[in-house]
């Protein structure tokens, strides 16, 4: 086998001598005339493996994908839904729209931590064929498996298949790496492919053949695809040798794929174990390792240069704008020796370079950060700082000019208890919120990060922290009382005054100089007491938690290994985190106070307790740590290595907060805009149900009692997912005493502005950010040159001055609310009727009373 140490992509696999020997012995018929036995045999074999009727051998995966789209969508209008990160959308030269004649809707994966599209994601963008001539109905859904090396679960595929059949929508699979998916979960290929109408399987990227992909589907689809392949100029001639090699790879390379996957996991574990500060930020499920060097202090270009000297190639096509992220692709020509620690001489060569480094298999030149010191990955790169600042500025404009008007018009803050966002809120540093019962180590955790005690902190086994404390950076130590903090324009706490004096007297800002606090703010909360009966705090503790959770970038729920009970108040606090599950991490502290066997039981008991409170299918990330200022002498050591690894993972999440801050802020604005849009549609719908003159109180009560039905009606009318609708009980409470006369009819202009923000402006801001993700999978940007990138960044949001010196209209110019024509007509008619009846009644009274002087014409008109 030829030596091949390239980790750039699967396509760089080198043909072997055995492959060339197979080519020499293969059939030499003409494929256009369907005369080649090797090609026919390959097509039939792959069709049989995937559970389909027929197959078509083509030159590339791009061609098989495009043929599937073209053959599936012969008659417009049509639209296609696909993952915004997918190959068919990003890396096939725009062929998806050009060849299918369909509108393409890239869907962002927002559920399940963004690893793959879910039915809920697709339902959000689905366009039903309901006769609306303004829309292009969804005719095809394209999925990719694997994507970023992660496997789409079989149950999710079946749920999407059921939805597609129900709505008469075709389903296509870009299965370039479906071989990896089947090997990873140990199933037959047909289990993952038979649910689709068409499947593209790459024999080059997937299993290491020199060239080619196979499209499978029913006979009619393949017949059409064969015709279009000829039209595209893709007909083979004597390609039997290529087909024969592809067949050999299916039989010989595919069975070795599990070994490659194990090697990828071995490499990822080694990279994280050595303590060099890098982070594997996508779960390793197959043959790909996604590495972020942000905590290592080395640039990707430097790493690539050092590896090139050792004969190892890595590429950055996956995230070309990133200086710290790289995708490592393992294949059957990479051996375990290639990723193991090289010789001492090699290690000394690297150590002699400009970077002190450790050697972990293939990835070298990574500085050693294993000392245990906590350093935040701040944005020191001036280019990053510039981009983040500009994105935040434009995010403020988008919110204030395109989303806030909609919130204001329909009184969103009254219904959601969410105060309007100011520029200070959007530009604020990342925030970490600590929640837990008393004496679980919240304050100790903060002091261990800061390596000192913050002003007014107190640690003890009794309930010590009796107030909310925001710990922030400042050149000098000082304490700012809650009332002053709530009115300070320099602090992001203006909205807290709505909780009243009882809360503000229990809130303070504690400032101290700290390099950690230069990058994020930490909020310490009062310890929650166990038991059902809680002390009267004098303020709504749960609402305060909800306020902070909405603004926090990370929420840490701390538990003591000896205090696992979830009291009523803690349960209410956890329920207040609903809608922010992606921010929540659970920390099981003081884990070294029990032995290994007891720790397993404690962990199981904690998860059982959570199962009764958190009703979601996803499992929260739980860190098993022991954070002490001084380690007690009776601590157990049998889990020391595990606890150290867990603590390192927790600190890595904290390290990446500044990098992820802007992404999270965009995400929060997207979430808020979606909720505000749904709220406006609900209010407009309820207003339509109200009578014009009398019986309003009874009608409002009837609507309030029947809110679930009204929500479903709005969802069906506007094709909105029910997951975006507010809590019924909270909305019902907000309706009490509400006068719908203050709301106009549905303002289409405000709605269009919010749609533009959601559909164009906010995704564009997200694309402009340097891609760093430690919490969720996010969309990766397409490849662009640096100059083109700057132009793309400047062009849409530029505030240029015209030659006359006046500022041109901003793209985010404020939207002036449209006058409600129906309301104007209604008011005119009502005023006319009132004036008429007033005149008639007044005249009749005047006539009866004898006040007839000066009213001749009217009296004559009214006289019998």
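Numbering (this note's numbering), first residue to last: 4 to 867.
Even for Gly, the Cβ is constructed at its ideal location relative to N, Cα and C.
Whole-number beta carbon distance between residue j and residue i, since they are thought to touch under 8 Å
i: residue 289; j: residue 180; result: 7 Å
i: residue 196; j: residue 53; result: 4 Å
i: residue 204; j: residue 178; result: 5 Å
i: residue 291; j: residue 265; result: Between residue 265 and residue 291 the Cβ distance is about 13 Å, and since that is not below 8 Å, they are no contact.
i: residue 227; j: residue 74; result: 4 Å
i: residue 310; j: residue 296; result: Residue 310 to residue 296, Cβ: 12 Å. No contact.
i: residue 722; j: residue 131; result: 6 Å
i: residue 129; j: residue 103; result: Actually they do not touch by this definition, with Cβ atoms about 17 Å apart.
Given residue i as reference, the closest of the options once Cα atoms are compared
i: residue 137; options: 152, 455, 106 and 158; result: 106
i: residue 593; options: 220, 302 and 631; result: 631
i: residue 95; options: 421, 69, 221 and 33; result: 69
i: residue 561; options: 523, 629, 524 and 582; result: 629
i: residue 242; options: 286, 219, 25 and 601; result: 25
i: residue 417; options: 71, 742 and 39; result: 742
i: residue 154; options: 168, 176, 27 and 133; result: 176
i: residue 206; options: 656, 706, 29 and 245; result: 245
i: residue 58; options: 642, 200 and 316; result: 200
i: residue 702; options: 674, 677, 739 and 678; result: 739
i: residue 766; options: 334, 671 and 711; result: 671
i: residue 89; options: 119, 63 and 77; result: 119
i: residue 240; options: 31, 312 and 221; result: 31
i: residue 444; options: 510, 250, 558 and 590; result: 590
Test item: CB-CB of residue i and residue j under 7 Å
i: residue 156; j: residue 18; result: no
i: residue 122; j: residue 144; result: no
i: residue 727; j: residue 681; result: yes
i: residue 452; j: residue 556; result: no
i: residue 664; j: residue 433; result: yes
i: residue 192; j: residue 186; result: no
i: residue 753; j: residue 412; result: yes
i: residue 569; j: residue 612; result: yes
i: residue 84; j: residue 91; result: no
Length of the line joining the Cα atoms of residue i and residue j
i: residue 527; j: residue 554; result: 14 Å
i: residue 684; j: residue 410; result: 11 Å
i: residue 346; j: residue 272; result: Residue placement at residue 346 cannot be trusted, given a pLDDT of 35 that sits under 50; what the coordinates show is reported in the next sentence. Spanning the two alpha carbons is a distance of roughly 20 Å.
i: residue 481; j: residue 577; result: 31 Å
i: residue 20; j: residue 86; result: 39 Å
i: residue 666; j: residue 769; result: 6 Å
i: residue 835; j: residue 124; result: 51 Å
i: residue 79; j: residue 253; result: 38 Å
i: residue 534; j: residue 148; result: For residue 534, the predicted structure reports a pLDDT of 49, less than 50, and the residue's modelled location is therefore unreliable. The matter cannot be settled from this model.
i: residue 516; j: residue 474; result: 10 Å
i: residue 41; j: residue 108; result: 39 Å
i: residue 395; j: residue 520; result: 20 Å
i: residue 374; j: residue 564; result: Summary for residue 374: the model assigns pLDDT 40, below 50, so the residue's position carries little reliability; its value from the coordinates is reported in the next sentence. The alpha-carbon atoms of residue 374 and residue 564 are separated by roughly 27 Å.
i: residue 22; j: residue 229; result: 27 Å
i: residue 162; j: residue 126; result: 11 Å
i: residue 839; j: residue 755; result: 40 Å
i: residue 342; j: residue 588; result: 32 Å
i: residue 841; j: residue 831; result: 15 Å
i: residue 202; j: residue 158; result: 18 Å
i: residue 45; j: residue 269; result: 34 Å
i: residue 478; j: residue 458; result: 13 Å
i: residue 524; j: residue 450; result: 13 Å
i: residue 714; j: residue 734; result: 11 Å
i: residue 712; j: residue 638; result: 57 Å
Identified DSSP bridge partners for residue i
i: residue 60; result: 217
i: residue 439; result: 561
i: residue 427; result: DSSP output for residue 427 lists no bridge partner at all.
i: residue 741; result: Paired residues: none, contrary to the question.
i: residue 592; result: 563
i: residue 510; result: 471
i: residue 147; result: 177
i: residue 482; result: 513
i: residue 626; result: 590
i: residue 293; result: 330
i: residue 434; result: 524
i: residue 141; result: 82
Neighbour flag for residue i against chain B, beta carbons, 7 Å
i: residue 103; result: Absent from the structure is chain B; it holds one protein chain and no more.
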